[in-house]
Amino acid sequence: MVTVTRYIALIWTKHDTDADISADEVAGYDAFARAAAEAGVLREGSALHPVSVSTTVRLRDDEVLITDGPFVESKEQLSGYFVLECADLDEALRWAARIPGARHGAIEVRPLFRDHE
Amino acid sequence: MTAEIEGVFRRESGRVVATLIRFCGDFDLAEDAVQDTFLLALRLWPSEGIPPNAGGWITTTAKRRAIDLIRREVRLGDKEALMSRLETMPENLDDWSDDRLRLIFTCSHPALALEARVALTLRTVCGLSTAEVGRAFLTSEATIAQRLVRAKHKIKVAGIAYEVPGPDRLGERLGAVLAVVYLLFNEGYAASAGPQLVRDELCDEALRLGALLHTLMPSEPEVSGLQALMLLNHARRAARTDPAGDLVLLPDQDRSQWNTGEIEAGLALLRRAARAGSVGQYWLQAAIVAEHARAPTAEATDWPRICRLYDHLLSVTRSRIVALNRAIAVSFADGPAAGLRLLEPLSAQLDGYVYLHVARADMHRRLGNRAASAAAYQRAYVLAANDVQRAALSRQLDAATRG
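Chains A and B are the protein sequences, given in the same order. Each residue of the first sequence is one higher than the last, beginning at 1 in the working numbering. Each residue of the second sequence is one higher than the last, beginning at 1 in the working numbering.
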């Protein structure tokens, strides 16, 4: 019963602008992505622009409501994600701990639905 | 007869469930199969008698039942593959220990909430019913059932592996397992709620689990250390309350009531673990309790040695609670004034902790500071968790004010 699960690693950090991210950290992300790709674990991933440019949409009574800013206002924000394909949660957590944002922010790991679910 | 059958299942079910889970990959299916087997035994055994190889009968019957359950499951995707996989499950394993360890480590996975880990361990490893787990934690059966459903769902969906972690992570994960066992023991030893001080059934379950772990991992010093710690504490239980059910503190306990068998067993475990390798926090805590257990009277306690053990323990754990206990030990080795000086830096962080105030009250009492002692007892009384502790503090408060 060898199954693999895709996990999304959501990177929550306090960065507000890209300028907050040091050159070292950028290099750290590159190194992480390279290592995960070489191990055959990395499916996709990207940094997100800061919440200052995000827009939230709701549909209520057939009316589209558009607001400036993120869905949740909090000190820490979603600043990027990776999709990792792993044998089990422990493997996903080991990779997540290597994401540079884990050092100062937090990485939330959630399984994605499998095709037959 | 029913009690006898329950006893057989209590002994055997954890083992059978553990192996069934490995072959079917599903906690609920494994538990349902064993539960149905139990109901069948309740019907058959009273007239036919308990089979000579009851464990084998349970294994075979539960395996067949699991296959039946899969056949009937409408939604299940790959039925045939799962059924043929279960067919390969051996019915007479000589060694069940790998599966039991897999189950124990999975139930204690740190990705599960602590309360879920404890409930899952009691239900699945120890074979308690959901109602029994509920009673153990003074919680409704429905709450426990919901907690178990969530935990099992997370194991399945989040892909928590059914395995013993590899050597690189064993230490850390073993810590999580031992924490569950020790929490169970402590909940029994000093009940955090309710009328009783000690809840024996929880201590017994924790000791049983500790003994099982020790059988499965005999060369892990911390496993032996924890079992020794529990045995040495458990040995004092008869002396911890007086006939009226009131709490008796360590210096006032009748040491002839201590269980010498459990003390000897605990000391032997400690000696063997010390020879086996580097010791950790449970071994050190057990060594401290052992110093008390060895002393023929409270006055004969080797406090300087206890202080040294606390120094070591503090460097391992960096815990404030350990720092508090170290201050208490110092107050006996070097006098209450020295102890009070060590309490000072802890006061702000441990203000909500009843034992900080008990310790301060006692040190002030020994120095003759009556008002300061009474004030600290008063604060402790407000924070007390159970009725027995409250009654003891109320007596000490009275004594402190009367002088």
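Where a beta carbon is used, it is the ideal one built from N, C-alpha and C, also for glycine. Because the structure is a prediction, the values reported are computed rather than measured.
Excluding residues up to 5 positions away in sequence, Gln253 and Trp258 lie with their Cβ nearer than 7 Å to the Cβ of arginine 236(B) in the same chain.
For valine 83(A), DSSP records a beta bridge to Ile8(A) and Glu44(A).
Not a single C-beta of chain A is nearer than 7 Å to the C-beta of valine 177(B). Glycine 225(B) and glycine 280(B) do touch by the CB rule: their CB atoms are close to 7 Å apart, below 8 Å.
Selection Arg360(B), Pro243(B), Gly352(B) and His153(B) evaluated against leucine 343(B) yields Arg360(B) as nearest (Cα-Cα). For glutamate 91(A), the enclosing alpha helix (DSSP H) covers residues 89-97.
The CB of valine 157(B) comes closer than 7 Å to the CB of Pro111 in chain A, given here in chain order. Between the segment 95-109 of chain A and the segment 19-28 of chain B, the count of Cβ pairs shorter than 8 Å is below three; the stretches do not touch.
Using a 10 angstroms sphere on the CB of asparagine 233(B), the tally of other CB atoms reaches 16 or more, which defines it as buried. In this structure, the CA atom of glycine 40(A) is about 19 Å from the CA atom of arginine 110(A).
Among the residues of the segment 100-119 of chain B, those with a Cβ less than 7 Å away from any Cβ of chain A are Ala111, in the order of the chain.
Around the Cβ of glutamine 285(B), a 10 Å sphere holds 16 or more other Cβ atoms; the residue is buried. Residue state for glutamate 73(B) is assigned as coil, using DSSP reduced to three classes. The distance from the Cβ of alanine 9(A) to that of isoleucine 107(A) is about 5 Å, consistent with a contact at the 8 Å cut-off.
Within chain A, the residues Ala87, Asp88, Leu89, Asp90 and Glu91 have their CB atoms less than 9 Å from the CB of alanine 161(B), given in chain order. The residues Val4, in chain order, have a CB closer than 7 Å to that of alanine 87(A) in the same chain once the five nearest residues on each side in sequence are set aside. At a cut-off of 7 Å between C-beta atoms, threonine 55(A) does not count as an interface residue with respect to chain B.
Apart from sequence neighbours up to five positions away, the residues of its chain that approach leucine 82(B) with a beta-carbon distance below 6 Å are Ile70, ordered along the chain. For glutamine 77(A), the three-state secondary structure derived from DSSP is strand.
Counting along the chain, threonine 55(A) sits inside the beta strand (DSSP E) bounded by residues 55-60.
With a beta-carbon spacing of about 6 Å, leucine 78(A) and leucine 48(A) fall inside the 8 Å limit used to define contacts.
In this structure, the straight-line span from the alpha carbon of leucine 350(B) to that of histidine 357(B) is close to 9 Å.
Boundaries of the alpha helix (DSSP H) harbouring alanine 142(B): 141-157, taken from the DSSP string. Annotation for arginine 110(A): the continuous beta strand (DSSP E) segment containing it runs 106-111. Counting the other CB atoms within 10 Å of its CB gives leucine 89(A) a total of 16 or more, which places it among the buried residues. Boundaries of the beta strand (DSSP E) harbouring valine 64(A): 63-68, taken from the DSSP string.
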